[in-house]
Amino acid sequence: QKEVEQNSGPLSVPEGAIASLNCTYSDRGSQSFFWYRQYSGKSPELIMSIYSNGDKEDGRFTAQLNKASQYVSLLIRDSQPSDSATYLCAVTRTASKLTFGTGTRLQVTL
Amino acid sequence: GAVVSQHPSRVICKSGTSVKIECRSLDFQATTMFWYRQFPKQSLMLMATSNEGSKATYEQGVEKDKFLINHASLTLSTLTVTSAHPEDSSFYICSARTHGGSGGGSSTDTQYFGPGTRLTVL
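Residue numbers (our numbering), protein chains in the order written: chain A, 1 to 110; chain B, 1 to 122.
As structure tokens, this is what we get:
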């Protein structure tokens, strides 16, 4: 079992729709959770961080965390073509290294 | 957010030469820096963790004598690829973190990535 699992996609959503990206993790000791966006040929860019159960909203992005189910998700509302990228889920114990999922490729179609 | 720079952004070198890549945290002090490598269409692979003033911790399978890491200050870490070969051609990315939190999850666990260095070894 992989430590952080993501569906590789591609996930295709029409412009203006909600994109839902999911991630599960195996380490129950994980304390910090992150979503990074990576455009092709570029380095990852931090989108959201979440540390406690529930929802966290930032603009069009909402991160959801459920530690009991070991599940973290990212919702992107009003998806735009510029949102087309690979989204990396990363988790970590405190003061430890990040463990990344393999990423979900999102395609927002016109 | 915090800014991390890398230099050079792109380098082409001949086989057998050494290449040094610099990673700088521009607006914060990074007690820990990480070096990753990413091959085309593959996920990030952590190579090593570097703490200021101490030796780097390398991941399994990464040759410490080939990939020399120095983290001499709180804002600068360098990765030197020694005796580079074509199979070392990759996208090298550093990240920086302020310091570990005291528990319960913290923004200080956040890693900020540099823009990456694309290395091509001929």
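Don't be surprised by glycine CBs; every beta carbon is placed ideally from N, CA and C.
For A:Asp78, the three-state secondary structure derived from DSSP is coil. Against chain B, the beta carbon of A:Phe34 has neighbours under 9 Å at Asp109, Thr110 and Gln111, listed in chain order.
For B:Pro115, the residues of chain A that pass the 9 Å Cβ criterion are Lys42 and Ser43, in the order they occur in the chain.
B:Ser77 and A:Ala85 have their C-alpha atoms spaced approximately 28 Å apart. In the DSSP assignment, A:Ser32 forms a beta bridge with A:Thr92.
The beta carbon of B:Leu46 falls within 8 Å of a beta carbon belonging to chain A, placing the residue at that interface. DSSP, reduced to helix, strand and coil, places A:Pro14 within a strand of the structure shown. Straight through space, the alpha carbons of B:Thr57 and B:His85 are spaced by roughly 23 Å. Any Cβ of chain A closer than 8 Å to the Cβ of B:Thr49 would place that residue at the interface, and such an atom is present. Below 8 Å, too few C-beta pairs join the segment 18-26 of chain A and the segment 4-23 of chain B to call them touching: fewer than three. Going by C-alpha positions, A:Thr62 is about 20 Å away from A:Tyr39. Residue contact check for A:Thr92 against chain B: a CB pair falls below 8 Å. Nearest CB-CB separation between B:Ser54 and chain A: not below the 8 Å threshold. Interface flag for B:Phe67 against chain A is unset, since no Cβ pair is found closer than 8 Å.
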